[in-house]
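Right, one structure below, let's go through it.
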């Protein structure tokens, strides 16, 4: 699992914005926005069933774009908040 975490961290560092992982749930990262009690958090696959969880740090104040892709284009900095099984 350490190798996958290293790969995901490298991909995040190389990305200009989160939109580099658009569309959601594609590619090896399968990056997507979470809902319910994890709303505001994003997830990337690490190794089943574990996900790398992170939150955006640089969203502007005020209303956010309704279009999800526009939102992803605004995200240039994140904070890793954990690695966990979000479905278990």
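Residue numbers (my numbering): 71 to 158.
Don't be surprised by glycine CBs; every beta carbon is placed ideally from N, CA and C.
Remember, predicted model here, so these are calculated numbers, not experimental data.
Beta carbon of residue 78, beta carbon of residue 114: below 8 Å? Yes; because the gap between Cβ atoms is below 8 Å, this pair is in contact.
Three-state class that DSSP yields for residue 114 in the structure shown: Of the three classes helix, strand and coil, the one that applies to residue 114 here is strand, per DSSP.
Just verifying my parser: in three-state terms, what is the DSSP assignment at residue 123? If DSSP states are grouped into helix, strand and coil, residue 123 belongs with the strands.
Taking the straight line between their C-alpha atoms, what separation do you get for residue 82 and residue 88? Distance between the alpha carbons of residue 82 and residue 88 is about 8 Å.
Hey, out of 127, 122 and 137, whose CA is closest to residue 153's CA? Shortest Cα-Cα distance from residue 153 to any of 127, 122 and 137 involves 122.
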